[in-house]
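Sequential numbering of the sequence shown, starting at 0, is according to numbering that gives the first Met the number 0.
Just so it is clear, CB atoms sit at the ideal spot from N, CA and C, and this is done for glycine as well.
None of these values were measured; they are calculated from a predicted model.
Here the structure is laid out as structure tokens; the discussion comes afterwards.
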Amino acid sequence: MKLRFPAAVLILSLLIISFFFTACTTTEKKSAAEKGMREQLEERPERIAPEETYNKIENLINEGDSEKAVQEFEKVRDDSAETISAYAGLLMASGDYDKAEAELSALLEREPMNADAWFNLALVKGLQGESEEETALLDKAIAADESHSQALSVRGSIYLSESKIKNATEMFERALESDPDNIIALTGLGSALIRDDKYEEAEGYLDRAVELDPSNPFTYLDRSGVRAAIGDMKGAESDLSSAIELEPDYFWHYLDRGRLRVRDLGDHEGALEDFNRAIEIDPAIFYPYVFRAGIYDELDEYELAAADYMRVIESKPDYYFAYSSLGIMRFMMEDWDGCRTAFEKAFEYEPEEFAYLAMAAVAEMKKGDKVEAREYYAKIMDKIPSQSIYYHIIRSFKERGYDAYALRKIQDEEDDNLQKRLLFYIAEIYHQDGMETAAYSYFTTVKDAKNLGYFESRMAESELEKYYE
Numbered sequence: 000m001k002l003r004f005p006a007a008v009l010i011l012s013l014l015i016i017s018f019f020f021t022a023c024t025t026t027e028k029k030s031a032a033e034k035g036m037r038e039q040l041e042e043r044p045e046r047i048a049p050e051e052t053y054n055k056i057e058n059l060i061n062e063g064d065s066e067k068a069v070q071e072f073e074k075v076r077d078d079s080a081e082t083i084s085a086y087a088g089l090l091m092a093s094g095d096y097d098k099a100e101a102e103l104s105a106l107l108e109r110e111p112m113n114a115d116a117w118f119n120l121a122l123v124k125g126l127q128g129e130s131e132e133e134t135a136l137l138d139k140a141i142a143a144d145e146s147h148s149q150a151l152s153v154r155g156s157i158y159l160s161e162s163k164i165k166n167a168t169e170m171f172e173r174a175l176e177s178d179p180d181n182i183i184a185l186t187g188l189g190s191a192l193i194r195d196d197k198y199e200e201a202e203g204y205l206d207r208a209v210e211l212d213p214s215n216p217f218t219y220l221d222r223s224g225v226r227a228a229i230g231d232m233k234g235a236e237s238d239l240s241s242a243i244e245l246e247p248d249y250f251w252h253y254l255d256r257g258r259l260r261v262r263d264l265g266d267h268e269g270a271l272e273d274f275n276r277a278i279e280i281d282p283a284i285f286y287p288y289v290f291r292a293g294i295y296d297e298l299d300e301y302e303l304a305a306a307d308y309m310r311v312i313e314s315k316p317d318y319y320f321a322y323s324s325l326g327i328m329r330f331m332m333e334d335w336d337g338c339r340t341a342f343e344k345a346f347e348y349e350p351e352e353f354a355y356l357a358m359a360a361v362a363e364m365k366k367g368d369k370v371e372a373r374e375y376y377a378k379i380m381d382k383i384p385s386q387s388i389y390y391h392i393i394r395s396f397k398e399r400g401y402d403a404y405a406l407r408k409i410q411d412e413e414d415d416n417l418q419k420r421l422l423f424y425i426a427e428i429y430h431q432d433g434m435e436t437a438a439y440s441y442f443t444t445v446k447d448a449k450n451l452g453y454f455e456s457r458m459a460e461s462e463l464e465k466y467y468e
């Protein structure tokens with residue numbers, strides 16, 4: 000659920016439109032009465048009929064021209080509380096928060112128990128990013144009117160953003176008691192129930208939200224989450240598609256649908272389309288490159304995957320996961336300089352992950368310059384504590400014959416899974432030295448442990464395919 004700002008904007012628009020619908024109805028009666036007096040007022044100057052102005056204002060709001068709407072409203076405004084609230088709403092929509100605050104503060108001096116005014120003033124603070132003030136003012140609105148559905152629903156949204164699920168649920172339920180069709184409360188309660196793993200109950204509230212507001216993309220977005228949680232992946236995809244139809248240029252809808260497609264539906268082609276579209280909308284955000292690189296990797300398009308990981312690093316250099324992934328792609332491409340550099344960078348961000356230095360040593364060995372390689376091994380050995388098993392691995396690269404001692408150290412490891420992982424590096428040494436039977440045996444052991452999630456397993460599989468099949 001998108002909290003605070005979108006909730007405020009949605010409620011703001013509903014308040015303004017509701018006012019103008021009411022205003023147009025009441026001014027129609029006034030103009031009928033005025034018509035009866037027209038003969039007595041033939042000399043008065045021509046004036047704009049209020050209902051025409053209200054219709055014009057509503058059209059301007061729908062067109063997004065809030066500044067002109069404010070100008071038109073000022074022609075017909077009066078000093079009633081309802082009018083001041085609507086005027087403040089227009090000022091908020093136009094970005095004139097100071098003036099909106101001034102109007103509402105003046106109203107509250109006159110009517111200190113006006114819950115709508117407290118609520119609208121809270122919206123002003125929320126739109127200005129003053130969250131503490133927003134919360135305090137919402138509490139005042141609720142104190143003035145315990146059944147104020149809009150204030151209760153926004154207060155619930157704030158509780159939800161703070162992960163105070165019990166408080167949020169109470170607010171949303173109270174809001175719905177006053178107004179069963181409150182969209183913010185329906186979607187908020189649905190989100191709160193999702194947090195409590197009450198998915199089927201949540202879906203009911205979100206179904207109602209979609210029914211009431213089928214043109215709001217975020218109602219579909221919220222429901223897609225609960226459908227995915229209960230295993231209805233096609234339903235979740237359908238909801239995300241509906242959100243995209245309603246808001247075709249919104250980056251995050253494509254990212255969400257792309258993730259669902261690749262992760263839960265196995266639809267690589269559809270996911271690629273979504274990530275490509277997300278990148279087209281905003282090429283500066285790195286997330287879609289990460290997911291697209293993963294797909295290219297699965298499709299054995301290693302150069303494309305490497306290019307995307309490079310874009311991730313350029314966009315967000317501290318996203319350190321990308322460096323090891325890039326190193327793996329460089330390994331698959333047999334780009335040994337690139338492989339070594341990527342794993343060195345990964346080690347800078349994760350200095351306790353000595354496997355990255357071992358991979359850099361493998362890449363250096365594969366370059367074929369034994370003199371340079373020995374110098375490199377000596378340099379990286381200084382970065383590894385002598386009590387670490389990886390110290391003995393690197394020493395095996397540097398000193399041929401030391402592998403026997405390293406193997407005994409590997410066998411002494413209590414973690415069987417780590418033993419299998421470490422055998423990859425011994426296998427690479429044996430492969431380089433032409434000891435293919437032993438290399439094949441160890442590569443096979445490491446490959447068969449791929450369910451453990453170590454990157455060495457997929458590299459061992461690649462080496463077996465290249466050299467032993």
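Original post:
Does the separation of the CB atoms of N181 and A174 fall below 7 angstroms?
Top reply: Counting from one through the sequence shown, the residue named residue 181 turns up at place 182. Counting from one through the sequence shown, the residue named residue 174 turns up at place 175. With respect to A174, N181 sits close: the two C-beta atoms are nearer than 7 angstroms.
**OP:** Counting only the same chain and skipping the five closest in sequence on each side, list residues whose C-beta sits under 6 angstroms from that of N450.
**Re:** Your numbering for residue 450 matches position 451 in the sequence shown. Annotation for N450: no residue places its beta carbon closer than 6 angstroms to its own, counting only its chain and skipping 5 residues before and after.
**OP:** Could you check what DSSP says for R399 in three-state terms: helix, strand or coil?
**Re:** Here the question's residue 399 lines up with position 400 in the sequence shown. Three-state DSSP puts R399 in coil, outside helix and strand.
**OP:** Would you give the residue range spanned by the alpha helix (DSSP H) that V311 belongs to?
**Re:** Here residue 311 is taken as the residue at index 312 of the sequence shown, counted from 1. Its alpha helix (DSSP H) spans residues 301-314.
Subject >> Residue range of the alpha helix (DSSP H) that includes P287 >> reply: One-based indexing of the sequence shown puts residue 287 at position 288. According to the DSSP assignment, P287 belongs to the alpha helix (DSSP H) that extends over 286-297.
Original post:
Where does A448 land, buried or exposed, given buried means 16+ other C-beta within 10 angstroms?
Top reply: The count along the sequence shown starts at 1 and reaches residue 448 at position 449. For A448, the number of other beta carbons within 10 angstroms of its own is at least 16, and it is reported as buried.
Original post:
Which whole-angstrom value describes the C-beta separation of L239 and S223, a residue pair presumed to lie in contact below a C-beta threshold of 8 angstroms?
Top reply: Counting from one through the sequence shown, the residue named residue 239 turns up at place 240. Counting from one through the sequence shown, the residue named residue 223 turns up at place 224. Beta-carbon to beta-carbon, L239 and S223 are separated by about 5 angstroms, close enough to satisfy the 8 angstroms threshold.
Subject >> Straight-line gap, E133 to A114 (C-alpha atoms, nearest Å) >> reply: Start at 1 with the first residue of the sequence shown, and residue 133 comes out as number 134. Start at 1 with the first residue of the sequence shown, and residue 114 comes out as number 115. Here the C-alpha atom of E133 lies approximately 14 angstroms from the C-alpha atom of A114.
Original post:
Which of the three DSSP states, helix, strand or coil, is assigned to S456?
Top reply: To locate residue 456, count along the sequence shown from 1; it is residue 457. Residue state for S456 is assigned as helix, using DSSP reduced to three classes.
Subject >> N416, DSSP secondary structure in three states >> reply: Against the sequence shown, residue 416 aligns to sequence position 417. Helix, per DSSP.
Subject >> Spatial distance of F342 from A321 (CA atoms) >> reply: Sequence index remark: in the sequence shown, residue 342 carries index 343 (1-based). Sequence index remark: in the sequence shown, residue 321 carries index 322 (1-based). Near 10 angstroms, if we compare the C-alpha coordinates of A321 and F342.
Subject >> Alpha-carbon to alpha-carbon, K446 and C338 >> reply: Taking the sequence shown and counting its residues from 1, one reaches residue 338 at position 339. Taking the sequence shown and counting its residues from 1, one reaches residue 446 at position 447. Spanning the two alpha carbons is a distance of roughly 20 angstroms.
**OP:** Take A357 and list the residues in its own chain whose beta-carbon comes closer than 6 angstroms to its own, dropping the five residues that flank it on each side.
**Re:** The count along the sequence shown starts at 1 and reaches residue 357 at position 358. For A357, where only same-chain residues beyond five positions count, the Cβ hits under 6 angstroms are Y389, I392, Y424.
Original post:
What number of angstroms, rounded off, separates the C-alpha of M380 from the C-alpha of S324?
Top reply: Looking up residue 380 in the sequence shown gives position 381. Looking up residue 324 in the sequence shown gives position 325. In this structure, the alpha-carbon of M380 lies about 23 angstroms from that of S324.
Subject >> Cβ neighbour criterion (16 or more within 10 Å) applied to L122 >> reply: Taking the first residue of the sequence shown as 1, we reach residue 122 at position 123. L122 comes out buried.
**OP:** Ignore the nearest five residues each way along the sequence and tell me which others in L463's own chain have a CB closer than 8 angstroms to its CB.
**Re:** Start at 1 with the first residue of the sequence shown, and residue 463 comes out as number 464. These residues qualify, in order along the chain: Y439, F442, T443, K446.
**OP:** My understanding is that F290 touches R258, with C-beta atoms under 8 angstroms, so please give their C-beta distance in whole angstroms.
**Re:** For the purposes of this step, residue 290 is taken as residue 291 along the sequence shown, with counting starting at 1. For the purposes of this step, residue 258 is taken as residue 259 along the sequence shown, with counting starting at 1. About 6 angstroms separates the two Cβ atoms, so the contact holds.
**OP:** Give a yes or no on whether the C-beta atoms belonging to E100 and I83 are separated by under 7 angstroms.
**Re:** Counting from 1 along the sequence shown, the entry for residue 100 is found at position 101. Counting from 1 along the sequence shown, the entry for residue 83 is found at position 84. The answer is no: Cβ separation not under 7 angstroms.
Original post:
Going straight from the alpha carbon of A437 to that of I428, what length do you get?
Top reply: Residue mapping note: residue 437 aligns to position 438 of the sequence shown, counting from 1. Residue mapping note: residue 428 aligns to position 429 of the sequence shown, counting from 1. Going from the Cα of A437 to the Cα of I428 covers about 10 angstroms.
**OP:** Check E374 in the structure and name its three-state DSSP category.
**Re:** Counted from its first residue, the sequence shown places residue 374 at position 375. Here E374 sits in helix by DSSP.
**OP:** Would you check if the region 369-387 and the region 401-420 touch, i.e. whether three or more CB-CB distances between them fall below 8 angstroms?
**Re:** No, they do not touch.
**OP:** Spatial neighbours of G234 within its chain, please: CB distance less than 6 angstroms, with the 5 preceding and 5 following residues excluded, ordered by chain position.
**Re:** Start at 1 with the first residue of the sequence shown, and residue 234 comes out as number 235. Take G234, set aside five residues on each side of it, and the residues of its chain with a beta-carbon closer than 6 angstroms to its own are R226, in chain order.
Original post:
Shortest alpha-carbon distance to A360 belongs to which of Y401, Y348, Y376?
Top reply: Your numbering for residue 360 matches position 361 in the sequence shown. Cα-wise, what sits closest to A360 is Y376.
Original post:
Considering only residues of the same chain and omitting the five flanking positions on each side of H430, which have a CB-CB separation below 6 angstroms?
Top reply: Working through the sequence shown from its first residue, we reach residue 430 at position 431. These residues qualify, in order along the chain: A438.
**OP:** With a threshold of 16 other CB atoms inside 10 Å of the CB of S241, please say whether the residue is buried or exposed.
**Re:** In the sequence shown, counting from the first residue as 1, residue 241 sits at position 242. The residue in question, S241, is buried, as its Cβ has 16 or more Cβ neighbours within 10 Å.
Original post:
Roughly how far, in whole angstroms, is the beta-carbon of T168 from the beta-carbon of D221, given that I think they are within contact range, below 8 angstroms?
Top reply: For the purposes of this step, residue 168 is identified with residue 169 of the sequence shown, where counting begins at 1. For the purposes of this step, residue 221 is identified with residue 222 of the sequence shown, where counting begins at 1. About 15 angstroms separates the two Cβ atoms, so there is no contact after all.
Original post:
Helix, strand or coil for K197 per DSSP?
Top reply: Here residue 197 corresponds to residue number 198 of the sequence shown, with the count starting at 1. Of the three classes helix, strand and coil, the one that applies to K197 here is coil, per DSSP.
**OP:** Report all residues from its chain with a CB closer than 8 angstroms to the CB of L205; omit the five preceding and five following residues, and keep chain order.
**Re:** Position 206 of the sequence shown, counting from 1, holds the residue named residue 205. Closer than 8 angstroms at Cβ, skipping near neighbours: L185, T186, G189, T218, D221, R222, V225.
Original post:
Given a threshold of 16 other Cβ atoms within 10 Å of its Cβ, counted over all protein chains shown, does G88 qualify as buried or as exposed?
Top reply: Here residue 88 corresponds to residue number 89 of the sequence shown, with the count starting at 1. So G88 counts as buried.
Subject >> Inter-residue spacing [alpha-carbon to alpha-carbon] between K1 and S130 >> reply: Residue numbering aside, residue 1 sits at position 2 when the sequence shown is read from its first letter. Residue numbering aside, residue 130 sits at position 131 when the sequence shown is read from its first letter. Any reading at K1 must be qualified, since the residue scores a pLDDT of 37, below 50, and its modelled position is unreliable; the value itself is stated next. The C-alpha of K1 lies about 15 angstroms from the C-alpha of S130.
**OP:** Compute the distance between the beta-carbons of A354 and E363, then report whether it is under 7 angstroms.
**Re:** Position 355 of the sequence shown holds residue 354. Position 364 of the sequence shown holds residue 363. No, they are not a contact pair.
Original post:
Using a Cβ-Cβ cut-off of 8 angstroms (strictly less than) and excluding sequence neighbours within five positions of S104, which residues of its own chain qualify?
Top reply: By 1-based counting over the sequence shown, the position of residue 104 is 105. Cβ neighbours of S104 beyond the five flanking positions: L120.
**OP:** Work out the CA separation of S387 and M458 for me, nearest whole Å.
**Re:** On the sequence shown, position 459 is the one that residue 458 refers to. On the sequence shown, position 388 is the one that residue 387 refers to. So the alpha carbons of these two residues sit roughly 23 angstroms apart.
Original post:
What separation, rounded to the nearest whole angstrom, lies between the Cα atoms of E42 and D248?
Top reply: For the purposes of this step, residue 42 is taken as the residue at position 43 of the sequence shown. For the purposes of this step, residue 248 is taken as the residue at position 249 of the sequence shown. Residue placement at E42 is poorly supported in this model, since its pLDDT is 40, which falls under 50; the coordinates are not used for a value here.
Original post:
When you compare only the Cα positions, how much space is there between L254 and D336?
Top reply: Within the sequence shown, numbered from 1, the residue matching residue 254 stands at position 255. Within the sequence shown, numbered from 1, the residue matching residue 336 stands at position 337. Distance between L254 and D336, taken at the CA atoms: about 33 angstroms.
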